[in-house]
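Trainee: There's a structure below that I have some questions on.
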Amino acid sequence: MHPSELIEIVNGQDRKVLSVVVADMHGTILQRYGQVAYLKQGIPSLFSTEPPSIGELWKRAIADGNEQMSLFWAMSGDMRHELHLCRIADSWAVIETPATSADTERLLKESEQRLQLVVQQTGQMVYDYDLQSGTITWAGATSEITGYCAEELAAMNIKEWAEHIHPEDREEALSLLDQARKSRGRYSVDYRFRRKNNTYIHIRDNGAFLLDEEQIPFRMIGSMADITEQKIAEDIIRHQAHHDGLTGLPNRTLVLDRIDLALAHARRVDEGFAVLFLDLDRFKPINDTLGHGVGDGLLIAVAQRLVGALRPDDTVSRNGGDEFIVLLPGVPDAPAAGIVAEKIIHELGKPFFIDGFELHISASIGIAVFPTDGKNAEEIIRNADVALYRSKEAGRDRYAFYSDTSGSFGRERITLQQELKAAVSDGQLRLVFLPAISLTSSAVNSYEALLRWQHPRLGLLLPEAFLPIAEETGLMLSIGDWVIDEGLANLKRWSLRGDPSLLRLNISAQQFFQPQFVRRLADRVIAFDLPTQKVRLEIHEGIALQRGGHTEQILRELDAMGFSLSIDNFGTGYGALRSLQDYPIREVKIDRSLIRDMGERRSQWLIQGMVQMARALGLSTVAGGVEHESQKALLRQYGCDEAQGWLFGTALQPLGRHPVQ
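In my numbering, the protein residues as written are 12 to 672.
Written as structure tokens, this is what we have:
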């Protein structure tokens with residue numbers, strides 16, 4: 012062997028054994044051979060399209076540090092050869108010998124067995140498709156994947172195989188395979204395949220076309236794997252990325268995408284569509300007082316009711332919290348969108364029954380219509396949101412349309428947010444006091460502290476104009492603390508003047524569940540040198556009627572401190588009347604909405620029943636919103652203890668108690 016050459020093959024024309032020993036200058040002799048095998052014949056899909064040359068194999072073995080090896084090789088025709096290579100110091104010796112037929116068959120069988128074992132262990136199945144004869148050879152996990160054994164698959168022709176591909180995937184899969192054949196390249200195709208038991212699995216088909224000397228495909232070799240579990244996991248991840256985890260509705264990302272599609276379609280066919288931005292009224296008190304379990308159940312029920320009220324082509328999405336976005340494709344104009352909004356408000360106005368509670372909510376809706384109210388998805392949603400706030404400012408439980416003036420409305424709301432932060436520190440907040448009159452003696456028994464904002468630009472603002480902003484900006488607690496301190500200061504002043512009236516303070520859910528609320532409230536009362544019995548706390552019905560250890564503990568601590576507890580907004584639909592007996596409640600305040608409807612016989616019966624029930628439980632009653640003598644007379648007849656409302660005068664300013672204009 013020439014020192015500069017890696018390999019020199021010595022071959023005799025007579026195909027007999029030729030032994031060649033090349034000794035270096037030290038006379039190193041031939042060693043005993045190790046053995047490896049390479050078969051050109053067999054299933055070639057595990058190798059590259061063209062097998063490596065003998066020289067490449069030897070170079071690879073030498074690079075790996077092998078000292079000796081044997082190769083089983085098909086040189087030409089049916090003749091098989093064994094080539095033995097041995098390192099001799101810095102040189103190599105090569106021996107070539109024809110192999111016997113028995114050796115050939117033995118090695119071939121062993122190789123096929125090893126290959127079959129390897130393929131089986133991968134969990135895949137492999138195939139060799141002869142394009143000229145149409146025969147297909149299968150191996151590997153055919154039964155595990157398809158339910159068919161290799162022989163059953165081999166009996167299928169390519170048309171029968173294609174019929175097992177899912178109808179929705181068949182055209183695309185066959186097209187991709189045909190493109191790969193024309194480009195003489197590799198392919199990777201995913202499709203659903205019908206198993207022997209008629210169920211479908213997801214298959215990933217990887218392979219390549221083998222080319223003859225004229226570069227014409229003559230064989231198709233590849234492997235198939237069952238990727239059903241992978242597809243399911245991908246679908247779950249994809250669904251989670253585009254859907255709300257609680258309600259299962261599309262999330263903001265998905266509805267934005269669908270609005271983009273609606274935009275493209277609307278521009279193409281010259282039609283409109285509408286977007287509704289919906290917010291649930293009175294959801295926060297329910298969630299804060301009855302617990303997140305009830306709140307979540309209500310959101311799920313709302314989602315189901317919304318979907319049931321709309322068309323299949325409409326999209327209902329959850330924007331987060333208690334906000335929903337509704338896409339109405341094909342809605343031509345604002346009046347048509349308004350009809351849908353009215354239907355939604357009507358459906359959500361029906362009672363919900365969640366975990367034993369009868370819940371009543373309403374919805375405020377803002378409407379933006381394409382093309383007048385925005386040119387892209389984000390702008391349309393933003394303008395619908397602006398219209399939503401307009402509907403809330405108008406009194407809730409209604410809908411409003413976006414208009415050019417809505418832009419200034421939205422800017423005004425942002426300005427109010429900034430000004431409210433300064434109002435607390437700048438002394439712009441005011442308290443006025445609404446008297447509660449005894450229906451037997453007509454004497455004033457108590458005064459309810461009511462909050463007002465003396466705005467430098469807008470004048471006197473009622474709570475509904477700014478408390479929702481306070482909730483959004485986190486100012487409720489600081490404003491609530493100010494109301495308590497200011498109310499106690501006024502109670503101290505009129506007590507010093509000999510007025511025995513009680514002070515009524517409205518306590519929000521945020522205040523009620525604030526850590527150390529009872530202790531901090533008691534400390535404030537003590538700081539003003541006032542008895543706690545002079546303070547009556549009006550707590551929303553949802554708080555008082557929540558059944559749970561934490562709520563009960565707070566209520567009992569307040570009662571132990573001497574505070575008198577009253578349920579505000581009684582009769583607004585939270586149910587669980589049994590809690591009136593279990594908790595230390597001293598009074599129920601009948602909601603003004605029931606008083607307003609006292610002209611109806613049904614409302615009269617309801618109020619009379621409430622008063623009688625309260626009396627049976629040893630509770631006093633006070634009615635809010637009394638405006639007519641007829642209402643006062645009926646309440647007195649039913650045995651109601653006190654009443655509030657414009658019939659008894661307007662809210663009074665502190666100290667001198669002059670009517671507020």
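Every residue, glycine too, gets a C-beta built ideally from N, C-alpha and C.
Three-state secondary structure (DSSP) at Asn-501?
Mentor: In this structure, Asn-501 counts as helix in the three-state DSSP scheme.
Trainee: Short of 8 angstroms in beta carbon distance, which residues of its chain neighbour Leu-450, apart from the five on each side in sequence? Order them along the chain.
Mentor: Only Lys-643, Leu-646, Arg-647, Cys-651, Asp-652, Glu-653 and Ala-654 meet the Cβ criterion.
Trainee: Contact between the segment 349-362 and the segment 423-439 is defined here as three or more beta-carbon pairs at a separation below 8 angstroms; is this criterion met?
Mentor: They do not touch, by the three-pair rule.
Trainee: Between Tyr-159 and the rest of its own chain, which residues show a CB-CB distance below 7 angstroms, the 5 nearest in sequence each way excluded?
Mentor: Here the set comprises Thr-153 and Lys-207.
Trainee: Could you give the distance in angstroms between the alpha-carbon of Phe-335 and the alpha-carbon of Gly-406?
Mentor: Going from the Cα of Phe-335 to the Cα of Gly-406 covers about 19 angstroms.
Trainee: Going by alpha carbons, who is nearest to Met-231 out of Ala-285, Gly-610, Tyr-198 and Pro-526?
Mentor: If we check each option's Cα against that of Met-231, Tyr-198 comes out closest.
Trainee: Spell out the partners DSSP gives Lys-170 in its beta bridges.
Mentor: In the DSSP output, where bridge partners are listed per residue, Lys-170 has none listed.
Trainee: Tell me the DSSP secondary structure of Ile-227 in three-state form.
Mentor: Three-state DSSP puts Ile-227 in coil, outside helix and strand.
Trainee: What is the residue span of the beta strand (DSSP E) that Ile-147 lies within?
Mentor: It spans 147-151 - the beta strand (DSSP E) in which Ile-147 sits, taken as one unbroken run.
Trainee: Alpha carbons only, please: which of Phe-581, Gly-438, Lys-193 and His-551 is nearest the one belonging to Asn-298?
Mentor: Nearest option by C-alpha distance: His-551.
Trainee: Between Leu-164, Ile-311, Leu-514 and Pro-178, which has its C-alpha nearest Leu-445's C-alpha?
Mentor: Checked all of Leu-164, Ile-311, Leu-514 and Pro-178; the closest Cα to Leu-445 is Leu-514.
Trainee: Measuring straight from C-alpha to C-alpha, what distance separates Leu-658 and Asp-608?
Mentor: Going from the Cα of Leu-658 to the Cα of Asp-608 covers about 16 angstroms.
Trainee: What would DSSP say about Asn-208, mapped onto helix, strand or coil?
Mentor: Three-state result, Asn-208: coil.
Trainee: Ile-238 to Thr-210, Cα distance in whole Å?
Mentor: Their Cα atoms are separated by approximately 14 angstroms.
Trainee: Quick check on Gly-218: buried or exposed, where buried means 16 or more other Cβ atoms within 10 Å of its Cβ?
Mentor: Per the 10 Å Cβ criterion, buried.
Trainee: Can you tell me the Cβ-Cβ gap for Asp-496 and Arg-535, rounded? I've got them flagged as a contact below 8 angstroms.
Mentor: Contact holds; Cβ gap of about 6 angstroms.
Trainee: Under the three-state reduction of DSSP, which class applies to Arg-441: helix, strand or coil?
Mentor: Reduced to three states, the DSSP call for Arg-441 is strand.
Trainee: Where DSSP assigns a beta bridge to Val-337, which residues make up the other side?
Mentor: Per DSSP, Leu-287 and Val-327.
Trainee: Helix, strand or coil for Ile-596 per DSSP?
Mentor: In this structure, Ile-596 counts as coil in the three-state DSSP scheme.
Trainee: Taking the continuous alpha helix (DSSP H) assigned at Arg-647, which residues delimit it?
Mentor: Arg-647 -> alpha helix (DSSP H) spans 640-649.
Trainee: With a Cβ-Cβ cutoff of 9 angstroms, do Phe-288 and Pro-340 count as a contact?
Mentor: Contact flag unset, no.
Trainee: So, under 8 angstroms CB-CB, Phe-691 and Ile-176 are touching, yes? Tell me the CB distance rounded to an integer number of Å.
Mentor: Past the boundaries of the shown model lies residue 691; the chain is included only from 12 to 672, so the question cannot be answered.
Trainee: Determine the closest residue to Arg-5 out of Arg-547, Asn-517 and Met-572, with distance taken between C-alpha atoms.
Mentor: Residue 5 falls outside the range modelled here, since the chain spans only 12 to 672, and no answer is possible.
Trainee: Do you know offhand how far Lys-361's Cα is from Ala-345's?
Mentor: Each residue's Cα considered, the two are about 25 angstroms apart.
Trainee: Within 10 Å of its beta-carbon, does Leu-499 have 16 or more other beta-carbons around it, so buried, or fewer, so exposed?
Mentor: So Leu-499 ends up on the buried side.
Trainee: Leaving aside the five residues before and after Val-327 along the sequence, list all residues of the same chain whose C-beta is less than 6 angstroms from its C-beta, in chain order.
Mentor: Closer than 6 angstroms at the Cβ level, and outside the excluded window around Val-327, lie Leu-260, Leu-317, Val-318 and Val-337.
Trainee: In the DSSP assignment, find the unbroken beta strand (DSSP E) run with Tyr-400 in it and report its ends.
Mentor: Careful: Tyr-400 lies outside any beta strand (DSSP E), inside the alpha helix (DSSP H) at 388-404.
Trainee: Near Leu-185, which residues of its chain fall below 7 angstroms by C-beta distance, leaving aside the five closest residues on each side in sequence?
Mentor: For Leu-185, where only same-chain residues beyond five positions count, the Cβ hits under 7 angstroms are Ala-173.
Trainee: Could you give the distance in angstroms between the alpha-carbon of Leu-265 and the alpha-carbon of Arg-181?
Mentor: Between Leu-265 and Arg-181, the C-alpha separation is close to 28 angstroms.
Trainee: In angstroms with no decimal places, state the Cα-to-Cα distance between Leu-403 and Arg-249.
Mentor: Contrary to the premise, residue 403 reads as Lys rather than Leu in this sequence. Cα-Cα distance, rounded: 35 angstroms.
Trainee: Find the nearest neighbour of His-371 within the set Asn-580, Pro-665 and Gly-635, judged by alpha-carbon distance.
Mentor: The candidate whose alpha carbon is nearest that of His-371 is Asn-580.
Trainee: Using the rule of at least 16 other Cβ atoms within 10 Å of the residue's Cβ for burial, across every protein chain shown, is Gly-660 buried or exposed?
Mentor: Gly-660 should be labelled exposed.
Trainee: Short check: CB of Arg-493 to CB of Leu-440, under 9 angstroms?
Mentor: A quick correction: the sequence has Trp, not Arg, at residue 493. Yes, they are a contact pair.
Trainee: From which residue to which residue does the beta strand (DSSP E) around Ile-578 run?
Mentor: Unbroken beta strand (DSSP E) run through Ile-578: 575-581.
Trainee: Could you name the residues that DSSP lists as bridge partners for Asn-517?
Mentor: DSSP output for Asn-517 lists Glu-549 as bridge partner(s).
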